[in-house]
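Inspection log for the structure reproduced underneath, given as structure tokens.
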Amino acid sequence: MTEPTETTGNYEFLGIIDKPKAGVTYKVRNLATGEFEMLRTLPGASYGDPESLERFLREIKIHTRLSHPNIVAFHDALELDGQLVMTAEFVEGATLAALCRRGWLTSPETIRVICAVLSGLEEAHDLGVVHRGITAEHVMVANDGQVKLGGFGLAKSASDVGLTQAGAALGDPRYMSPEQVMASGPLDCRADIYSVGIVLFEALTGRVPFDGANDFDIMVAQVDAQPPRPSSINPGISPELERVVLTALAKKREDRFAGAREFRSALAALNGPVIVPEPAPLPPEPLPAWALPEEPSNHSKMPFVLAFVGVALGILVLLRIVTQ
Numbered sequence: 000m001t002e003p004t005e006t007t008g009n010y011e012f013l014g015i016i017d018k019p020k021a022g023v024t025y026k027v028r029n030l031a032t033g034e035f036e037m038l039r040t041l042p043g044a045s046y047g048d049p050e051s052l053e054r055f056l057r058e059i060k061i062h063t064r065l066s067h068p069n070i071v072a073f074h075d076a077l078e079l080d081g082q083l084v085m086t087a088e089f090v091e092g093a094t095l096a097a098l099c100r101r102g103w104l105t106s107p108e109t110i111r112v113i114c115a116v117l118s119g120l121e122e123a124h125d126l127g128v129v130h131r132g133i134t135a136e137h138v139m140v141a142n143d144g145q146v147k148l149g150g151f152g153l154a155k156s157a158s159d160v161g162l163t164q165a166g167a168a169l170g171d172p173r174y175m176s177p178e179q180v181m182a183s184g185p186l187d188c189r190a191d192i193y194s195v196g197i198v199l200f201e202a203l204t205g206r207v208p209f210d211g212a213n214d215f216d217i218m219v220a221q222v223d224a225q226p227p228r229p230s231s232i233n234p235g236i237s238p239e240l241e242r243v244v245l246t247a248l249a250k251k252r253e254d255r256f257a258g259a260r261e262f263r264s265a266l267a268a269l270n271g272p273v274i275v276p277e278p279a280p281l282p283p284e285p286l287p288a289w290a291l292p293e294e295p296s297n298h299s300k301m302p303f304v305l306a307f308v309g310v311a312l313g314i315l316v317l318l319r320i321v322t323q
């Protein structure tokens, strides 16, 4: 594939976003539309691996079915410079993982982000698609606050039967469900619930619940160890929110939320309605000049003054008469 800053076909390559095992992801400019896009390649070596090629083609097929405001939008699939590539919308912002490295998020902001992720997952699950690879790196928070879920490279539709179950063991072990680690059978949407639970834990505490020196140690912990209570790391987490986190992280999938919709409803209930304070009453506007009572003029006061003087003189006259 061409190097960044070069132009190939209808795309100007502006930089490398990521270099996962599944292929390189570039930031490109579509010369026909002028829009920035994300372009991901399938490594040349993978063309000799039928399973990798089938997984890439399946990801393209799944993306064409998904259309949701909280899922990275698919644009196109084509052959470019002799390689199969796919393009999608470019999200200007930061991954949730990058935000977590700066410190944990507030509970209301975390709930907002995770509810958006779960909203996108509802769409995928309703179409029979299990993501199987959700991590904090796959959650994008745009500069305008919009949340997008991507990383459907390991996703599998209920109708897919071509790939081996070994595919369940692919991905980041820090986010794998116990049944995914054990490859104990077909995965359903509750595997994604567990992974989102890990992301929720990470957003609230700044760390994942299970980590280790190597992948094997982490996988053993995913199966056997209980997660620490999030409030032991971040005391600001409420008991109700902690209960939601630990439900999502239940070892047995039947003990987790049944689906993304139930998980999202439990989280949304914790934020409650937005209360807008009543505005302070405004001071009364001054009356216009024409409505003000007129100040009595000196002429209008004159009759009262004369009357007072007349009464006073009458009293003096009476007093003189009496004294005489």
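Residue 0 is where the sequence shown starts when you use numbering that gives the first Met the number 0, and the numbers rise one by one after that.
Glycine is no exception: its CB is placed at the ideal position from the N, C-alpha and C atoms.
Residue i in three-state terms, based on DSSP
{"i": "F215", "result": "helix"}
{"i": "T6", "result": "strand"}
{"i": "A31", "result": "coil"}
{"i": "L126", "result": "coil"}
{"i": "F262", "result": "helix"}
{"i": "L171", "result": "According to the sequence provided, residue 171 is Asp. The question's Leu does not apply to it. DSSP places D171 in coil when its eight states are reduced to three."}
{"i": "D143", "result": "coil"}
{"i": "D223", "result": "helix"}
{"i": "F256", "result": "coil"}
{"i": "I113", "result": "helix"}
{"i": "G152", "result": "helix"}
{"i": "G119", "result": "helix"}
Within 9 angstroms, strictly: CB atoms of residue i and residue j
{"i": "R189", "j": "R131", "result": "no"}
{"i": "D191", "j": "V129", "result": "yes"}
{"i": "V27", "j": "L41", "result": "no"}
{"i": "Y193", "j": "A247", "result": "yes"}
{"i": "V195", "j": "L95", "result": "no"}
{"i": "S156", "j": "I59", "result": "no"}
{"i": "V112", "j": "V138", "result": "yes"}
{"i": "D214", "j": "P172", "result": "yes"}
{"i": "G102", "j": "G205", "result": "yes"}
{"i": "V244", "j": "I232", "result": "no"}
{"i": "E53", "j": "F89", "result": "no"}
{"i": "L269", "j": "I110", "result": "yes"}
{"i": "L38", "j": "L79", "result": "yes"}
{"i": "V71", "j": "K18", "result": "no"}
{"i": "L120", "j": "G8", "result": "no"}
Residue i burial status per 10 Å Cβ neighbour count (16 or more: buried)
{"i": "A279", "result": "For A279, the predicted model reports a pLDDT of 40, less than 50, meaning its position is unreliable and no value from the coordinates is stated."}
{"i": "G81", "result": "exposed"}
{"i": "E201", "result": "buried"}
{"i": "F262", "result": "buried"}
{"i": "P107", "result": "exposed"}
{"i": "I15", "result": "exposed"}
{"i": "E91", "result": "exposed"}
{"i": "L117", "result": "buried"}
{"i": "T86", "result": "buried"}
{"i": "G184", "result": "exposed"}
{"i": "P68", "result": "exposed"}
{"i": "Q225", "result": "exposed"}
Residue span of the beta strand (DSSP E) that contains residue i, given as start and end
{"i": "H137", "result": "That residue, H137, is in no beta strand (DSSP E); it is neither H nor E in DSSP."}
{"i": "Q179", "result": "Run containing Q179: none in the beta strand (DSSP E); it sits in the alpha helix (DSSP H), 177-181."}
Where the alpha helix (DSSP H) through residue i begins and ends
{"i": "L203", "result": "188-204"}
{"i": "V243", "result": "238-247"}
Distance cut-off 8 angstroms: residue i Cβ against heavy atoms of the ligand NAP
{"i": "A135", "result": "With respect to small molecules bound, the structure shown includes none, and the ligand NAP cannot be examined in it."}
Residue i at chain B interface by Cβ criterion, 9 angstroms
{"i": "V243", "result": "The displayed structure is made up of one protein chain only, and chain B is not part of it."}
List in chain order: all unbroken beta strand (DSSP E) runs of 3+ residues lying wholly within the region 39-108. 73-79, 82-88, 92-94
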